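Report on the following structure.
Number of protein chains: 2
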Amino acid sequence: FCCQPFVSILRGKLSNNGHDMRKVIHSVKVGVALVLVSLLYLLDPFYDRVGENAMWAIMTVVVTFEFFTGATLSKGLNRGIGTVLGGGLGCLGAAFAQAVGGVGKSIVVGIVIFVFGAGVTYTRQMPKIKKKYDYGAMVFILTFNMIVVSGLRADQVLELARTRLSTIVMGFAVCIFISLLVFPIWASDELHDSLISRFELLARSLEGFSKEYFETSNEKEQKGSANFSSNCKSILHSKTRDESLVNFARWEPWHGKFGFSYPWGKYLKIGEDLRDLTTIIISLKSCLRSSTQSSETLRQSVKEPCQAVVSSLAWTIRELGESIKKMRKCQSEETIVPKLKSVRIELSVIVNPSTIGTDLENTDGLGLVS
Amino acid sequence: FCCQPFVSILRGKLSNNGHDMRKVIHSVKVGVALVLVSLLYLLDPFYDRVGENAMWAIMTVVVTFEFFTGATLSKGLNRGIGTVLGGGLGCLGAAFAQAVGGVGKSIVVGIVIFVFGAGVTYTRQMPKIKKKYDYGAMVFILTFNMIVVSGLRADQVLELARTRLSTIVMGFAVCIFISLLVFPIWASDELHDSLISRFELLARSLEGFSKEYFETSNEKEQKGSANFSSNCKSILHSKTRDESLVNFARWEPWHGKFGFSYPWGKYLKIGEDLRDLTTIIISLKSCLRSSTQSSETLRQSVKEPCQAVVSSLAWTIRELGESIKKMRKCQSEETIVPKLKSVRIELSVIVNPSTIGTDLENTDGLGLVS
Chain A
1 FCCQPFVSIL
11 RGKLSNNGHD
21 MRKVIHSVKV
31 GVALVLVSLL
41 YLLDPFYDRV
51 GENAMWAIMT
61 VVVTFEFFTG
71 ATLSKGLNRG
81 IGTVLGGGLG
91 CLGAAFAQAV
101 GGVGKSIVVG
111 IVIFVFGAGV
121 TYTRQMPKIK
131 KKYDYGAMVF
141 ILTFNMIVVS
151 GLRADQVLEL
161 ARTRLSTIVM
171 GFAVCIFISL
181 LVFPIWASDE
191 LHDSLISRFE
201 LLARSLEGFS
211 KEYFETSNEK
221 EQKGSANFSS
231 NCKSILHSKT
241 RDESLVNFAR
251 WEPWHGKFGF
261 SYPWGKYLKI
271 GEDLRDLTTI
281 IISLKSCLRS
291 STQSSETLRQ
301 SVKEPCQAVV
311 SSLAWTIREL
321 GESIKKMRKC
331 QSEETIVPKL
341 KSVRIELSVI
351 VNPSTIGTDL
361 ENTDGLGLVS
Chain B
371 FCCQPFVSIL
381 RGKLSNNGHD
391 MRKVIHSVKV
401 GVALVLVSLL
411 YLLDPFYDRV
421 GENAMWAIMT
431 VVVTFEFFTG
441 ATLSKGLNRG
451 IGTVLGGGLG
461 CLGAAFAQAV
471 GGVGKSIVVG
481 IVIFVFGAGV
491 TYTRQMPKIK
501 KKYDYGAMVF
511 ILTFNMIVVS
521 GLRADQVLEL
531 ARTRLSTIVM
541 GFAVCIFISL
551 LVFPIWASDE
561 LHDSLISRFE
571 LLARSLEGFS
581 KEYFETSNEK
591 EQKGSANFSS
601 NCKSILHSKT
611 RDESLVNFAR
621 WEPWHGKFGF
631 SYPWGKYLKI
641 GEDLRDLTTI
651 IISLKSCLRS
661 STQSSETLRQ
671 SVKEPCQAVV
681 SSLAWTIREL
691 GESIKKMRKC
701 QSEETIVPKL
711 KSVRIELSVI
721 VNPSTIGTDL
731 ENTDGLGLVS
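So the sequences go chain by chain: A and B.
Position 309 of the first sequence, counted from 1, bears residue number 309 in the working numbering, the numbering being contiguous throughout.
Throughout, the working numbering is defined as the position within the second sequence, counted from one, plus 370.
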């Protein structure tokens, strides 16, 4: 449990793998943030001011420091807002309980805790809240409860809330500083790169399919197939990851090529279109598995036009990916679409074109979206 | 922010929707757990024994009480193990720093915090650890840090760790008691039901496709299509949810029809097969959108055998779903497979069977899996 990470770190440093290197950078950043925030405890001048509340700064760093800068920002702000709201309402609740006094005090506190606990827990489960503010709602319940019950014992609830909040802000500041300024790891870059790489994967899958279909030997099939399927499935199951990355990317400030109000929503839309295309390629692939295959002569007769279409399609997909990568309008769109259409008509003369026709239909759709 | 949940609770109670009712139950359970754990603060005999550490019990309830019993168990155990390990190693680290003494003490603490913080953060990012022990690793870092830095100030680190741990155990006990014994919401039930409902959805999608294909009017198409697509996509994007439900279900003790070492892994496999089938139906569907369609006469000539195949397939899928629901071996498997095969041969005489043949191929696969 303890040695493994260090072995892995060494291995990560030796390999040139970008993702592993980022993991190492993230780990070192977390380590540095923890040391910085521990200084509140270690150095006497700091400790004299914040005391035991320094604990909350450590907690904030451990809990909010995430891999992507956007995730750290989103979690930190959620925590901040949750703490302020929970603390504020908690103070009101505690003051109200104090005003009641006597045995009623405890009863009022119990009722208030139940009502807010159950109510906010219900709110947390609404899909919209769950997606963006789940963590904030949890922190709200936590802070609210603690302040309300502390109010019964401590005389200065407000003072307690203030110091606690200030240490949380310190912890958050350390997180933001290190996460934003020291080798930032952007969710936006990750999303952008993963979308572009999916275009390449799709083009390669399409070419792989055509190669396999027109190949006569069955030997090479097995190896390529597994690779092909895993490629396609990785595109197909990208939805959840895309959504969370977009969620983080929205929080990230202007940086590199991504300006303010960058249209992140379109990434979701393009991702959806890519998944639709992948569905078709996967189902084409399953035709290969079928026991009833079209005859060798028929295959050979459509080989040339089919391969022409496939290579045009693959080229188009790559071109679209490239234009997203370079963030420019796809220039070849006007030339490629009529070309593909003419090849399709040529094809439909030769065979019943239901399957291949579909492909073209969808690529047109993709061209319009991008 | 505050009124919405109560309005929703009322609406949830009025509607007969099972899922909404479960959400209300969960919210009430969380409320009750919070009140119970707050008694540590509210009642003097308790408070005299645990003091400010009662805070940790509240935190444990807020953080570990999840919707599904399995999730609560998994998070609670992660928290417990993380606290024990982090606390233990933290005590060792603090003792070591004390032994060094002087200025070196703070430096040793700083180095120890950095090494453990960075190392465990790196470990957290490994896919296997991230999936199951992410929360435990986070709690480990948190507890370790707190104990190590507290060790510099407090004289009795061990006493501190002991009280803190005992309040965490109290909080966890309240969570487990309420989560397991009061209207438990099982992840296993959810997984089981969602798998069965996907069989039904798949059968309905298949029937919807055949109806649409053989219908001559284009009017009804639009409405059915949207429904059809969203059904299929909900099956296609079930992977992440399935995986997390299986993860929780494994933690759940024997209950209802699910015994110990129930084969939850097979749910993932069947889910994967259902997604493969859905891929094919979606791509069949996109044939409808294609501009080049087979002629009306050709369609009418294959209408009867095609509809026979589709209804047999839909029946088979429903039968398989039903047998999973009732947890018995599917009895009609021996009769249905030869029947489907004979219909397929019949069909392949009439048309080029590449698309429809695929369907049958895959259903055979499904039959073998279940």
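Using N, Cα and C, we set each Cβ at its ideal position, and we do this for glycine too.
All figures in this text were calculated on a predicted structure; none of them were measured in a lab.
#### Entry: Separation of F65(A) from V30(A), as counted between CA atoms
Position 30 of the first sequence, counting from 1, holds the residue named residue 30(A). Position 65 of the first sequence, counting from 1, holds the residue named residue 65(A). C-alpha separation (whole angstroms): 7 Å.
### Query
Hey, which unbroken runs of the beta strand (DSSP E) at 3 residues or more fall wholly within the segment 152-204 of chain A?
Complete beta strand (DSSP E) runs here, min 3: none at all.
### Query
If you measure beta-carbon to beta-carbon, which residues of the segment 394-416 of chain B are closer than 9 Å to chain A?
Listed in sequence order: V394, H396, S397, V398, K399, V400, G401, V402, A403, L404, V405, V407, S408, L409, L410, Y411, L412 and L413.
### Task
Anything in chain A within Cβ reach of V432(B), meaning under 8 Å, just list it in chain order.
Position 62 of the second sequence holds residue 432(B). Correct list: M138, I141, L142 and N145.
### Task
Just confirm the distance between the C-beta atoms of G171(A) and W56(A), as a whole number of angstroms; I'd bet it's less than 8 Å.
As a working note, residue 171(A) is residue 171 in the first sequence. As a working note, residue 56(A) is residue 56 in the first sequence. The C-beta distance from G171(A) to W56(A) rounds to 7 Å, short enough to fall under 8 Å.
### Message
Once DSSP output is grouped into helix, strand and coil, what is the label at F68(A)?
### Response
As a working note, residue 68(A) is residue 68 in the first sequence. Looking at F68(A) - three-state DSSP - the assignment turns out to be coil, as it is neither helix nor strand.
### Message
If contact is defined by three or more beta carbon pairs under 8 Å, each pair taking one atom from either stretch, is the segment 187-195 of chain A in contact with the segment 232-251 of chain A?
### Response
Note that the segment 232-251 of chain A touches the segment 187-195 of chain A; at least 3 beta-carbon pairs, one per stretch, sit closer than 8 Å.
### 8 Å Cβ cut-off: residues of chain E touching H562(B)
Looking for chain E here will not work: the only protein chains present are A and B.
### Query
Is the CB of F484(B) under 8 Å away from at least one CB in chain A?
By 1-based counting over the second sequence, the position of residue 484(B) is 114. Chain A, which has a Cβ nearer than 8 Å to the Cβ of F484(B), makes this yes.
### Query
How many angstroms separate the CA atom of G87(A) from the CA atom of W254(A)?
Translated into the one-based positions of the first sequence, residue 87(A) becomes position 87. Translated into the one-based positions of the first sequence, residue 254(A) becomes position 254. If you take the alpha carbons of G87(A) and W254(A), they lie about 32 Å apart.
### Message
Distance check for F416(B) and M697(B), CA to CA, integer angstroms please.
### Response
Position 327 of the second sequence holds residue 697(B). Position 46 of the second sequence holds residue 416(B). Each residue's Cα considered, the two are about 48 Å apart.
### Contact list for the segment 592-624 of chain B against chain A, Cβ threshold 8 Å
Hits within the stretch, in order: L606, H607, K609 and T610.
### Query
Can a CB atom of chain A be found closer than 8 Å to the CB of Y492(B)?
By 1-based counting over the second sequence, the position of residue 492(B) is 122. Chain A contact via Cβ: present.
### Residue interval of the alpha helix (DSSP H) (run including N617(B))
Working through the second sequence from its first residue, we reach residue 617(B) at position 247. Going by DSSP, N617(B) is part of the alpha helix (DSSP H) stretching over K609 to A619.
### Task
Identify each residue in the segment 250-281 of chain A for which the Cβ-Cβ distance to at least one residue of chain B is less than 7 Å, and report them in chain order.
Within the segment 250-281 of chain A, the residues whose Cβ lies closer than 7 Å to some Cβ of chain B are T279 and I280, listed in chain order.
### Query
From T430(B), N423(B) and Y583(B), pick the residue whose C-alpha is nearest to that of Q670(B); which is it?
In the second sequence, counting from the first residue as 1, residue 670(B) sits at position 300. Closest by alpha carbon: Y583(B).
### Query
In chain B, which residues lie with their C-beta within 7 Å of the C-beta of V100(A)?
Along the first sequence, one-based indexing puts residue 100(A) at 100. Result: empty, since nearest Cβ-Cβ is about 14 Å, beyond 7 Å.
### Query
Are the CB atoms of V63(A) and A33(A) nearer to each other than 8 Å?
Residue numbering aside, residue 63(A) sits at position 63 when the first sequence is read from its first letter. Residue numbering aside, residue 33(A) sits at position 33 when the first sequence is read from its first letter. No. Outside cutoff.
### Message
Please report the distance separating the alpha-carbon of V120(A) from that of F140(A).
### Response
Locating residue 120(A) in the first sequence gives position 120, counting from the first residue. Locating residue 140(A) in the first sequence gives position 140, counting from the first residue. V120(A) and F140(A): Cα-Cα distance of roughly 8 Å.
### Message
Measuring only the C-alpha atoms, how far is D504(B) from G471(B)?
### Response
Sequence index remark: in the second sequence, residue 504(B) carries index 134 (1-based). Sequence index remark: in the second sequence, residue 471(B) carries index 101 (1-based). Between D504(B) and G471(B), the C-alpha separation is close to 34 Å.
### Query
How would you call P184(A), buried or exposed, if buried means at least 16 neighbouring beta carbons within 10 angstroms?
Position 184 of the first sequence, counted from the start, is the residue given in the question as residue 184(A). P184(A) counts as buried, since at least 16 other C-beta atoms from the protein chains shown sit within 10 angstroms of its C-beta.
### chain A within 8 Å of G457(B), Cβ atoms only
To locate residue 457(B), count along the second sequence from 1; it is residue 87. No, because no Cβ of chain A sits closer than 8 Å to the Cβ of G457(B).
### Query
Mind checking if A465(B) is an interface residue toward chain A, Cβ cutoff 8 Å exclusive?
Translated into the one-based positions of the second sequence, residue 465(B) becomes position 95. Taking a beta-carbon distance threshold of 8 Å, A465(B) does not count as an interface residue toward chain A.
### Query
Buried or exposed: A161(A), going by 16 or more other Cβ atoms within 10 Å of its Cβ?
By 1-based counting over the first sequence, the position of residue 161(A) is 161. Answer is buried; the Cβ neighbour count reaches 16.
### Whole-Å CB distance - I548(B) paired with G691(B), under 8 Å assumed
Stepping through the second sequence from its first residue, residue 548(B) is reached at position 178. Stepping through the second sequence from its first residue, residue 691(B) is reached at position 321. Going by Cβ atoms, the distance from I548(B) to G691(B) rounds to 33 Å, so no, they are not a contact pair.
### Query
What's the C-alpha gap between V552(B) and H396(B)?
If you number the second sequence from 1, residue 552(B) lands on position 182. If you number the second sequence from 1, residue 396(B) lands on position 26. Roughly 10 Å between the two C-alpha positions.
### Task
In angstroms with no decimal places, state the Cα-to-Cα distance between L39(A) and E52(A).
For the purposes of this step, residue 39(A) is taken as residue 39 along the first sequence, with counting starting at 1. For the purposes of this step, residue 52(A) is taken as residue 52 along the first sequence, with counting starting at 1. Near 13 Å, if we compare the C-alpha coordinates of E52(A) and L39(A).
#### Entry: Contact check, A314(A) vs E215(A), beta carbons under 8 Å
On the first sequence, position 314 is the one that residue 314(A) refers to. On the first sequence, position 215 is the one that residue 215(A) refers to. Going by C-beta atoms, A314(A) is not nearer than 8 Å to E215(A).
### Query
Would the segment 144-156 of chain A and the segment 89-106 of chain A be scored as touching if the rule is three or more Cβ pairs under 8 Å?
With a cut-off of 8 Å, the segment 89-106 of chain A and the segment 144-156 of chain A count as touching, because enough Cβ pairs lie within range.
### Query
Hey, does M327(A) have any beta-carbon neighbour from chain B nearer than 8 Å?
Numbered from 1 along the first sequence, position 327 holds the residue referred to as residue 327(A). Not one chain B Cβ lies under 8 Å of M327(A).
### Query
List, in order along the chain, the chain B residues whose C-beta lies closer than 8 Å to that of L152(A)?
Position 152 of the first sequence, counted from the start, is the residue given in the question as residue 152(A). In chain order: Y411 and L412.
### Task
Give a yes or no on whether the minimum CB-CB distance between S188(A) and chain B is below 8 Å.
Indexing the first sequence from 1 puts residue 188(A) at position 188. For S188(A), the answer is no, since every Cβ of chain B falls outside 8 Å of its Cβ.
### Query
So what's F628(B) in DSSP terms, helix, strand or just coil?
The sequence position of residue 628(B) within the second sequence is 258, counting from 1. Strand, per DSSP.
#### Entry: Residue from K325(A), I317(A) and S312(A) whose Cα sits closest to the Cα of K339(A)
In the first sequence, the residue the question calls residue 339(A) occupies position 339. With distances taken between CA atoms, K339(A) lies nearest to S312(A) out of K325(A), I317(A) and S312(A).
### Message
On a Cα-Cα basis, can you pick out the residue from I147(A), L201(A), F96(A) and V337(A) that is closest to R318(A)?
### Response
Walking along the first sequence from the start, residue 318(A) turns up at place 318. Closest by alpha carbon: L201(A).
### Query
Taking the alpha-carbon positions, what's the S166(A) to E159(A) distance?
What you label residue 166(A) is simply residue 166 of the first sequence in a count that begins at 1. What you label residue 159(A) is simply residue 159 of the first sequence in a count that begins at 1. If I take the Cα positions, the gap works out to 11 Å.
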